[in-house]
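Take a look at the structure below.
Numbering (this note's numbering), first residue to last: 27 to 363.
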């Protein structure tokens, strides 16, 4: 039996390599096909990775096209492009309305600024508690949403001088997971559960800013890895928030990206938007290439100026977010006297 010629061996290796790449590509496409055909929770976590996965699938599809151009490989390339650009489109569609030109030009006398911090500090991150408290003070946020707040609770005495109004860690709750710190008085306070997995991971309150009533909501959702609790919690959250009117500020740790199907449903049903192009917040070791699973959402007439990630994670497994917002003063709103 004579050995294969070198060109024949190269063709065999190319064919084998193509089959491997095509198999991986088909598996990836099959997973994302579930997004458009079913609500199966088992792969829901993957949908938060649609942007990154879509880019990886495009690379695989391009490799297949280079190895063997055909209608099949070109079709797979088209499907990967759809997955990637659908993710981009969902991110773009979730952005807040642009700020009016008269406000962009610096005419802000009729607007009240509002700075918001949202940060999951990690419940056992005690050694960095002082640095975190220092940073909260330094941000000069008007409202701070803190998740897994036990480390911050060690510094409530000093923080209460800047934030005299609070929900969490002994104030309206016995637990110390979700905390809301405010420079403005809080009324119509409600603390509850989104599911039977965790207690006191949902809170609502109202503040009055420059004569305007602003509804606040804070949430810390379960991870979507093991069951459909995440979707059920979002459904409850959506039902509650849909009963509110006027400007709304929702922030917290959602353990899913805005482009995930159940997150998209939340925004659609409540009229919420993001506060800008969202930076990655988890896992911290991936930096800007991670996933934005922490969010600050708003509903008009609340407006967003800027959304940014805090410069350090301070030992947490999440990065925090700061949003600079604006709302019209009551005597500047349509229909006011």
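Cβ atoms here follow ideal geometry from the backbone N, Cα and C, with glycine treated the same way.
Paired residues, beta bridge with residue i - DSSP
i           : result
residue 278 : 245 and 321
residue 355 : Paired residue(s): none; residue 355 is not in a bridge.
residue 268 : Beta-bridge pairing links residue 268 to no other residue.
residue 141 : 350
residue 332 : 350
residue 240 : 233
residue 146 : 173
residue 301 : Paired residues: none, contrary to the question.
residue 308 : 317
Same chain, Cβ closer than 6 Å to residue i, five either side skipped, listed in chain order
i           : result
residue 289 : 282
residue 148 : 174, 342 and 343
residue 99  : 90 and 91
residue 340 : 154, 157 and 158
residue 168 : 140, 141 and 209
residue 254 : 67
residue 152 : 177
residue 200 : none
Contact under 8 Å by Cβ, residue i with residue j
i           : j           : result
residue 37  : residue 93  : no
residue 220 : residue 275 : no
residue 208 : residue 224 : no
residue 267 : residue 296 : yes
residue 226 : residue 233 : no
residue 122 : residue 329 : yes
residue 350 : residue 332 : yes
residue 246 : residue 279 : yes
residue 229 : residue 204 : yes
residue 66  : residue 75  : no
residue 346 : residue 145 : yes
residue 354 : residue 116 : no
residue 336 : residue 277 : no
Own chain, CB closer than 7 Å to residue i, minus 5 neighbours either side, in chain order
i           : result
residue 35  : none
residue 215 : 193, 198 and 231
residue 202 : 175, 176, 179, 194 and 195
residue 120 : 284, 293, 299 and 300
residue 80  : 106, 109, 110 and 113
residue 356 : 236, 237, 238 and 362
residue 272 : 239 and 241
residue 50  : 86
residue 182 : 195
residue 258 : 221
residue 309 : 316 and 343
residue 10  : Because the chain in this structure spans residues 27 to 363, residue 10 falls outside the shown range and cannot be described.
residue 27  : Low confidence applies here, because residue 27 scores a pLDDT of 49, under 50, leaving its location unreliable and the question unanswered by this model.
Minimum C-alpha distance to residue i - residue among the options
i           : options               : result
residue 318 : 307, 301 and 327      : 307
residue 44  : 75, 95, 210 and 73    : 95
residue 301 : 66, 311 and 324       : 324
residue 172 : 108, 356, 354 and 348 : 348
residue 5   : 298, 273, 71 and 52   : With the chain covering only 27 through 363, there is no way to say anything about residue 5.
residue 21  : 112, 163 and 327      : The structure shown does not extend to residue 21, since the chain is modelled only from 27 to 363, so the question has no answer here.
residue 252 : 42, 263 and 68        : 68
residue 52  : 337, 86, 265 and 76   : 86
residue 58  : 47, 78, 46 and 97     : 78
residue 191 : 205, 212 and 75       : 212
residue 142 : 73, 66, 165 and 181   : 165
residue 170 : 181, 189 and 152      : 189
residue 47  : 88, 269, 291 and 256  : 88
residue 118 : 309, 337, 304 and 134 : 304
residue 291 : 310, 256, 187 and 150 : 256
residue 250 : 33, 62, 73 and 42     : 73
Same chain, Cβ closer than 8 Å to residue i, five either side skipped, listed in chain order
i           : result
residue 55  : 83, 102, 105, 106 and 109
residue 359 : Its pLDDT being 49, under 50, residue 359 is placed unreliably by the model, and the measurement read from it follows with that caveat. If we look at residue 359 and ignore the five residues flanking it on each side, its Cβ neighbours are 238 and 327.
residue 185 : 159, 162, 163, 178 and 207
residue 134 : 352
residue 315 : 78 and 306
residue 42  : none
Just list the alpha helix (DSSP H) runs in the segment 160-234, keeping only unbroken ones of 4 residues or longer that don't cross its boundaries, in chain order. Segments of the alpha helix (DSSP H) lying fully in the segment 160-234: 176-179 and 182-188.
Unbroken stretches of the alpha helix (DSSP H), 4 residues or longer, contained in the segment 45-102: DSSP assignment within the segment 45-102 yields the following whole alpha helix (DSSP H) runs of 4 residues or more, N-terminal first: 70-73 and 76-93.
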